[in-house]
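Student: One line per chain: the protein sequences are A and B, in this order. Going by my numbering, the first residue of the first sequence is number 2, and it counts up by one from there. Going by my numbering, the first residue of the second sequence is number 8, and it counts up by one from there. Pasting a structure here, questions to come.
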Amino acid sequence: MKEKLMSAKRSIDLKSLFQYWEWKLVLIFIIVIIVNSILSPHFLSAAGLVSATRIFLDKAFIVLPMAFVIILGDIDISVASIVALSSVIMGVSYNLGMPMWLAMIVCLSVGTLSGFFNGLLIVKFKELSAVIVTLSTMIIYRGIAFIILGDLAAGGFPQWFSFLGWGDLGGLPFMLVTFAVFAVIFFILLHKTTFGRKIYAMGNNLTASRFSGIQVDKIKVIVFTLTGLMASVTALFLTSRMGSTRPNVAIGYELDVIAMVVLGGVSTAGGKGRIIGVILSIFLVGFLKFGLGLQNVPAQAQLVIVGLLLIFAVIMPNFKTKTKIRKSKT
Amino acid sequence: MPERDLKNRINAASIVKFRELGLFIFIIILSIFIQLRNSSFLTLDNINDMIRNTVILSILSLGMMLVIVTRGIDLSIGATLALSGMVSALVVRENPGMNPILVVLLGIMIGLICGSTVGFLVSRGRVLPIIASLGMMNVFRGLTFMVSGGRWVSAHQMPDHFKAIATGSIMGINTMIMIALFIYLLFYYFVNYTRTGRYIYAVGSNPESAQISGIENSKILWMVYSLMGSLAGLSGVLWVARFASAQGDTAMGFELNVIAACVLGGVSISGGSGKISGVILGSLLLGILNNALPLIDVSPFWQQAIQGFIILFAVLVNVLVKRRVDRSNLMRRKI
């Protein structure tokens, strides 16, 4: 009798523990690692895993602010176009004789401006959803990149620029180190500052937040501007890794980024989600794709797998809350 | 009081009509301008060509209109189109003797399956439309590459009567145009004169009250996405027959054009309103732009940005006009 009670208690504890989406992610993560290392002896070599981060971490910089955007209950699908635009403008301005450091600053400011423009439109035209605004700016930004460069490529960057994408810092890829710094910054921003609390409040109830004195518009503009800035950071790393740039770089990145955020447990209804989950899902998706690549799974099949994973991630909590409601009714 | 109400309504209605008229006038001015720059624009050949290029866009826009009317969006249709086109091209390659009508039905079936999957996720799984269709877009696009093994099906592998689906003619009119006209009429009747058609608008303009008044929202949503999918499936067959090649990346990004056509045609993204005539005019405008920009020596690299600006412009003007109407209605109420 006593034992039964105890076991029941323990299972409840376990249950509440596993209710955290992050723990499920950790579980899937471990499964991915185990399965991959069984399938391929090359997977678990530490050097391989660490350098694999170079492949997928470039998008990860956008995932962090995108989590903010989705917690707000909005969405930004123009990020890939911002990456392309800022990368192209950086490449062209370098090729026109601008010093590289200045071109990099130009890249960051183009991203910031594009994000600011998104935010401004969304705030000034509240009748429009963020989907439609960023959809049209997505076409416009990519279009401007095409106007500037056509079907040409810009490149020939100085040697030191490739350090961003390929260099090491203290034995770790420079990209990984930078990402870690940004992850900590965004963690503090979201979880330890009033700014972060305001984002959650706005995601839960925009009207109530406005009436309680939060400067709703200002925060929205800041978040979208931040997204633009981080998109241009991605542009820096991506361009450095590839060594040249074209107007059609980063096509489809917005989907990957949104998939990672949603998989990280950020609710698309807004107001829910944590940076830890998002970071976990970045590495989960990254290592999953890396493992699939080692198994010679074609890129198209990877598309299917990531798509299904995304659907699975969104639909799981929905069905759970449904059953919960049903239970509470009876 | 009722009289004043009626007046307001007339005012609002006239502005909506003005919108379509405005679009129409804009199209005419644009055509005249292009004609002045390049006289081969308004030749019968070119017009015929242009209309045939616009047919697929306009068919898809009708479906997308219904989706947007229910406050949703479907980004997966480009991938659905590619999948259905690819599968039907593969089937035709293996069975050259197959009846074209059967091929068309096959394409519609594939589209229906794809669309109802998205619809299921949206209506039963309560996934946001943009996320559901984004995920399924990946899946469909991946499947397209997988069934084809990454290879193309090209013109010489398709029998002539298959290509005739797009190039043939019935009573002197191109088959594709006939199909499109048939779909326009069908949709016009369905949306305006059937109960289910009106339900779609009810669900879109106020989901809660639609639910309370006994409409099964989730069924309507499911139906709308399935319809969208079927139209995309049909368009897939038409696309492959028209361009006589099926590729893995067919119609990549085409969903944006379709959404743009809807937005230009005055379909409100916040749901509940949209007219078939507007959507057809919207897709015609985009078709003209696509066709005419090369004719007046605008570099193809400018096309995307121009399209984007026109879409943004149309959306913003839409909002400003609506604000104006609302404000004038409020003012009148004061007096």
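Where is the CB? At the ideal position from N, CA and C, for every residue including glycine.
Throw me the rounded Cβ distance for the A/V258 and A/V64 pair, which I believe falls under 8 Å.
Tutor: Your numbering for residue 258 of chain A matches position 257 in the first sequence. Your numbering for residue 64 of chain A matches position 63 in the first sequence. Yes, A/V258 and A/V64 are in contact; Cβ-Cβ is about 5 Å, under 8 Å.
Student: Who are the Cβ neighbours of B/P301 in its own chain at under 7 Å, not counting the five residues just before and after it?
Tutor: Against the second sequence, residue 301 of chain B aligns to sequence position 294. Close CB contacts of B/P301 within its chain, under the 7 Å cut and outside five residues either way in sequence, are with P307 (chain order).
Student: Have a look at A/D75, A/I72, A/T54, A/C108 and flag the residue whose alpha-carbon is nearest the alpha-carbon of A/V234.
Tutor: In the first sequence, residue 234 of chain A corresponds to position 233, counting from 1. Residue A/C108 is the option with its Cα nearest to A/V234.
Student: Quick one: using the 10 Å Cβ neighbour count with 16 as the cut-off for buried, is A/I32 buried or exposed?
Tutor: For the purposes of this step, residue 32 of chain A is taken as the residue at position 31 of the first sequence. A/I32 should be labelled exposed.
Student: What distance in whole Å lies between the Cβ atoms of A/G166 and A/R242, which are believed to be in contact at a cut-off of 8 Å?
Tutor: The sequence position of residue 242 of chain A within the first sequence is 241, counting from 1. The sequence position of residue 166 of chain A within the first sequence is 165, counting from 1. Contact between A/R242 and A/G166 holds, since their C-beta atoms are separated by about 3 Å, short of 8 Å.
Student: Let me check understanding here. Comparing Cα to Cα, which of B/R100, B/S68, B/I36 lies closest to B/A251?
Tutor: Residue numbering aside, residue 251 of chain B sits at position 244 when the second sequence is read from its first letter. The residue with the shortest Cα to Cα distance from B/A251 is B/R100.
Student: Which runs of the beta strand (DSSP E) spanning at least 3 residues fall entirely within the region 37–115 of chain A, listed in chain order?
Tutor: Complete beta strand (DSSP E) runs here, min 3: none at all.
Student: Is B/L234 close to chain A, meaning its C-beta is less than 8 Å from at least one C-beta of that chain?
Tutor: Here residue 234 of chain B refers to the residue found at position 227 of the second sequence. Not closer than 8 Å to any Cβ of chain A, the Cβ of B/L234 fails to qualify, so no.
Student: To the nearest angstrom, how far is it from the Cα of B/N145 to the Cα of A/V307?
Tutor: Residue numbering aside, residue 145 of chain B sits at position 138 when the second sequence is read from its first letter. Residue numbering aside, residue 307 of chain A sits at position 306 when the first sequence is read from its first letter. Taking the straight line from one Cα to the other gives about 8 Å.
Student: Could you confirm whether any beta carbon from chain B is found closer than 8 Å to the beta carbon of A/S132?
Tutor: Counting from 1 along the first sequence, the entry for residue 132 of chain A is found at position 131. Note that residue 132 of chain A is Val in the sequence shown, not Ser. Yes - at least one Cβ of chain B is within 8 Å of the one on A/V132.
Student: Could you give the residue range of the alpha helix (DSSP H) that holds B/P301?
Tutor: Position 294 of the second sequence, counted from the start, is the residue given in the question as residue 301 of chain B. Looking at the DSSP string, the run of the alpha helix (DSSP H) that includes B/P301 is 283–302.
Student: Please classify B/V134: does DSSP put it in a helix, a strand, or coil?
Tutor: For the purposes of this step, residue 134 of chain B is taken as the residue at position 127 of the second sequence. The answer is coil: DSSP assigns B/V134 none of H, G, I, E or B.
Student: Is the beta carbon of A/L264 less than 8 Å from the beta carbon of A/S282?
Tutor: Residue mapping note: residue 264 of chain A aligns to position 263 of the first sequence, counting from 1. Residue mapping note: residue 282 of chain A aligns to position 281 of the first sequence, counting from 1. Contact: yes.
Student: With 8 Å as the threshold, decide whether the Cβ of B/L30 is near any Cβ in chain A.
Tutor: Along the second sequence, read from residue 1 onward, the residue named residue 30 of chain B stands at position 23. Taking Cβ atoms only, chain A never reaches closer than 8 Å to B/L30, which makes this a no.
Student: Comparing the C-beta of A/V70 with each C-beta of chain B, is any distance below 8 Å?
Tutor: If you number the first sequence from 1, residue 70 of chain A lands on position 69. Cβ-Cβ to chain B under 8 Å: no for A/V70.
Student: Flag B/R59 as yes if its beta-carbon sits less than 8 Å from any beta-carbon of chain A, otherwise no.
Tutor: Within the second sequence, the letter at position 52 stands for residue 59 of chain B. So no, B/R59 is outside the interface.
Student: B/R148 touches chain A at which residues, Cβ-Cβ below 9 Å?
Tutor: On the second sequence, position 141 is the one that residue 148 of chain B refers to. Residues of chain A passing the Cβ test: Q301, L304, V305, G308.
Student: Quick check on B/V160: does DSSP put it in helix, strand or coil?
Tutor: As a position in the second sequence, residue 160 of chain B is number 153, starting the count at 1. It is a strand residue.
Student: Using a Cβ cut-off of 8 Å, pull out every chain A residue sitting near B/I276, in sequence order please.
Tutor: Position 269 of the second sequence, counted from the start, is the residue given in the question as residue 276 of chain B. Those within 8 Å of B/I276 in chain A are L129, S130, V132, I133.
Student: From B/V270 to B/I66, what distance separates their C-alpha atoms?
Tutor: Along the second sequence, read from residue 1 onward, the residue named residue 270 of chain B stands at position 263. Along the second sequence, read from residue 1 onward, the residue named residue 66 of chain B stands at position 59. Cα-Cα distance, rounded: 15 Å.
Student: If you draw a straight line from the C-alpha of B/V247 to the C-alpha of A/S82, how long is it?
Tutor: For the purposes of this step, residue 247 of chain B is taken as the residue at position 240 of the second sequence. For the purposes of this step, residue 82 of chain A is taken as the residue at position 81 of the first sequence. Using only the alpha carbons, I get a separation of about 29 Å.
Student: Using a Cβ-Cβ cut-off of 8 Å, state whether A/T334 counts as contacting chain B.
Tutor: Because chain A is modelled from 2 through 331, residue 334 of chain A falls outside the range shown and cannot be assessed.
Student: Comparing C-alpha positions only, which one of B/I207, B/Q314, B/L43, B/L69 sits nearest to B/Y191?
Tutor: Counted from its first residue, the second sequence places residue 191 of chain B at position 184. Answer by Cα proximity: B/L69.
Student: Under 8 Å by Cβ, that's how I've got B/I227 and B/Y206 pegged, so tell me the actual separation to the nearest angstrom.
Tutor: As a first step, residue 227 of chain B must be located in the second sequence, where it is residue number 220. As a first step, residue 206 of chain B must be located in the second sequence, where it is residue number 199. Contact flag correct, Cβ pair sits at about 5 Å.
Student: Under 8 Å, with one C-beta from each stretch per pair, do the region 234–248 of chain B and the region 162–173 of chain B reach the 3-pair mark?
Tutor: With the cut-off at 8 Å, the region 234–248 of chain B and the region 162–173 of chain B touch.
Student: Strictly below 9 Å CB to CB, what residues from chain A border B/F316?
Tutor: Here the question's residue 316 of chain B lines up with position 309 in the second sequence. Within 9 Å Cβ-Cβ: S137, I140, I141, G144.
Student: Name the chain A residues whose beta carbon is nearer than 9 Å to that of B/K170?
Tutor: Your numbering for residue 170 of chain B matches position 163 in the second sequence. Neighbours of B/K170 on chain A: none; closest Cβ ~27 Å, over 9 Å.
Student: Give the single residue among B/R133, B/V125, B/S46 whose Cα lies nearest to the Cα of A/H317.
Tutor: Numbered from its first residue, the first sequence carries residue 317 of chain A at position 316. The sequence given here places Met at residue 317 of chain A; His does not occur at that position. Ranking the options by Cα distance to A/M317, first place goes to B/R133.
Student: With three or more beta-carbon pairs closer than 8 Å as the criterion, would you say the region 228–244 of chain B touches the region 86–94 of chain B?
Tutor: yes
Student: Mapping the DSSP letters down to three states, classify A/S137 as helix, strand or coil.
Tutor: Looking up residue 137 of chain A in the first sequence gives position 136. Here A/S137 sits in helix by DSSP.
Student: Output the distance between the C-alpha atoms of A/A338 and A/M91, rounded to the nearest integer angstrom.
Tutor: Missing from the structure shown is residue 338 of chain A; chain A here goes from 2 to 331 and no further.
Student: So that I know if they touch, is there some Cβ in chain B lying closer than 8 Å to that of A/G171?
Tutor: Here residue 171 of chain A is taken as the residue at index 170 of the first sequence, counted from 1. Answer no: the Cβ-Cβ gap between A/G171 and chain B never drops below 8 Å.
Student: May I ask you to report which of helix, strand or coil DSSP gives B/T50?
Tutor: For the purposes of this step, residue 50 of chain B is taken as residue 43 along the second sequence, with counting starting at 1. Residue state, collapsed to three classes: coil.
Student: For a cutoff of 8 Å on Cβ pairs, would you count A/G151 as touching chain B?
Tutor: The residue given as residue 151 of chain A occupies position 150 in the first sequence. Taking Cβ atoms only, chain B reaches closer than 8 Å to A/G151, which makes this a yes.
Student: Would B/G126 and B/S233 be called neighbours here (beta carbons separated by less than 8 Å)?
Tutor: By 1-based counting over the second sequence, the position of residue 126 of chain B is 119. By 1-based counting over the second sequence, the position of residue 233 of chain B is 226. Closer than 8 Å, so yes.
Student: Using the beta-carbon count (16 or more within 10 Å), is A/N119 buried or exposed?
Tutor: Along the first sequence, one-based indexing puts residue 119 of chain A at 118. Under a 10 Å Cβ-count criterion, A/N119 is classified as buried, with 16 or more other Cβ atoms of the shown protein chains found around its own Cβ.
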